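Written below as structure tokens is the structure these notes are about.
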Amino acid sequence: MKEYTHIEVQPLSAHLGAEIKGVDITKPLKQVVVKEIKKAWQQHLVLFFQDQELKPEQHISFAQYFGEPQKPGFVPTLKEFPYIRHQEFNKNPDKKMTKIGGANLIWHHDDSFWELPSKGSILHALDVPKVGGDTLFASMIAAYDALSGEMKSIVDNLTCYHDVTFQARDAIIEDLGIQTLERIRKENPPVEHPLVVTQPNTGKKALYIDEMHASPIKGMHPEESKYLLEFLYRHTSKPEFQCRIQWKINAVIMWDNLCVKHRGVHDFGTAHREMQRVALVGDQRPQ
Numbered sequence: 001m002k003e004y005t006h007i008e009v010q011p012l013s014a015h016l017g018a019e020i021k022g023v024d025i026t027k028p029l030k031q032v033v034v035k036e037i038k039k040a041w042q043q044h045l046v047l048f049f050q051d052q053e054l055k056p057e058q059h060i061s062f063a064q065y066f067g068e069p070q071k072p073g074f075v076p077t078l079k080e081f082p083y084i085r086h087q088e089f090n091k092n093p094d095k096k097m098t099k100i101g102g103a104n105l106i107w108h109h110d111d112s113f114w115e116l117p118s119k120g121s122i123l124h125a126l127d128v129p130k131v132g133g134d135t136l137f138a139s140m141i142a143a144y145d146a147l148s149g150e151m152k153s154i155v156d157n158l159t160c161y162h163d164v165t166f167q168a169r170d171a172i173i174e175d176l177g178i179q180t181l182e183r184i185r186k187e188n189p190p191v192e193h194p195l196v197v198t199q200p201n202t203g204k205k206a207l208y209i210d211e212m213h214a215s216p217i218k219g220m221h222p223e224e225s226k227y228l229l230e231f232l233y234r235h236t237s238k239p240e241f242q243c244r245i246q247w248k249i250n251a252v253i254m255w256d257n258l259c260v261k262h263r264g265v266h267d268f269g270t271a272h273r274e275m276q277r278v279a280l281v282g283d284q285r286p287q
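The numbering of the sequence shown is UniProt numbering, which starts it at 1 and goes up by one.
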């Protein structure tokens, strides 16, 4: 019996990623189709759709099949559609990239500095470079599974602080000013999340670490924390846990933000790159 009867699912790598064919997400979807997309998302963590000319209202409608659109954060949003985050590189090729704009090049989970980080994101490509500008995704389930039993016993019960300004302090000051930094800190105090989380519905364990936001491990000497986190950063970034997706105009990627970390690749010089993203409200704290 076929696992999927209403969509076509083509895996992109051993541990995560699948291209979804046979569905037009610009139109209302039948519940049986939504059910199969949800199943594929849970199984493959990252889904890739091509040739989807989404208008903003269609983008939001598609996102609502999977959760509630998240409130605006630090990324600029569309004036008419405040739940759609607008990300653009090289609108003016002569203008240097902001430091905040370059933060997406660091491995991260979106919004891990919130008590309820987004559970997923749906990103639509409006314009992409002819070459370069791929996005890398890494399965934190596969990374956890590959740890030794001894290391699992160490990380299973640890907690880490997540701070929005941990890596971005200097970038925020340079791009937005010291007053903005102080406001952001006040509105987003550091939060605690476990180093190992469980994927809802499957019970699979995943590492939850974030090079951009994770600061010292709770209860550890700073130097102990530093060396353990550095090991985990290297481990979780191994190519064997990754999926690399090459963007095309009107491609759409949705990913699980709890069990997947991601980063952009800035290898496209001054070429224009423009995206729109809807994030989904987290159902619960990572646990």
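Quick reminder that beta carbons are idealized off the backbone N, C-alpha and C, glycines included.
Source: prediction; values computed, not measured.
First and last residue of the uninterrupted alpha helix (DSSP H) at residue i
i    : result
S215 : From DSSP, S215 is part of no alpha helix (DSSP H) but of the beta strand (DSSP E) over 214–217.
W255 : It is not in any alpha helix (DSSP H) - W255 instead sits in the beta strand (DSSP E) that spans 252–256.
S225 : 222–236
T180 : 178–187
P56  : 56–64
With 16 other Cβ atoms within 10 Å as the buried cut-off, status of residue i
i    : result
M97  : Low local confidence applies: a pLDDT of 49 at M97 is under 50, so the model's placement there is unreliable, and no value is given.
M275 : buried
H262 : buried
S153 : exposed
I249 : exposed
Per DSSP, cross-strand counterpart(s) of residue i
i    : result
G282 : DSSP lists no partner for G282.
S121 : W255, A279
I245 : T135
K205 : T198
T77  : R85
Residue interval of the beta strand (DSSP E) (run including residue i)
i    : result
S139 : 135–139
A18  : 18–21
V260 : 260–264
K152 : Here K152 belongs to no beta strand (DSSP E); instead the alpha helix (DSSP H) covers 149–155.
P194 : 191–194
A40  : Note, A40: premise wrong, no beta strand (DSSP E); alpha helix (DSSP H) at 31–44.
T159 : 159–162
Supposed close pair residue i, residue j - CB separation, criterion 8 Å
i    : j    : result
Y161 : E192 : 6 Å
F81  : P56  : 4 Å
W247 : V46  : Their Cβ separation, rounded to whole angstroms, is 13 Å, which puts W247 and V46 out of contact at 8 Å.
V196 : K205 : 6 Å
F49  : I84  : Rounded, the Cβ-Cβ distance is 17 Å, inconsistent with contact.
V260 : H59  : Between H59 and V260 the Cβ distance is about 20 Å, and since that is not below 8 Å, they are no contact.
D163 : F241 : No, D163 and F241 are not in contact; Cβ-Cβ is about 25 Å, not under 8 Å.
Q287 : T198 : 7 Å
Touch check for the segment 123–135 and the segment 175–191: three-plus C-beta pairs under 8 Å? no
Evaluate the contact criterion for the segment 146–157 versus the segment 181–188: three or more CB pairs, one atom per stretch, below 8 Å. no
For the segment 130–144 and the segment 262–272, state whether three or more C-beta atom pairs, one from each stretch, are separated by less than 8 Å. yes
Kindly confirm or deny that the segment 20–40 and the segment 60–67 touch, where touching means at least three C-beta pairs closer than 8 Å. yes
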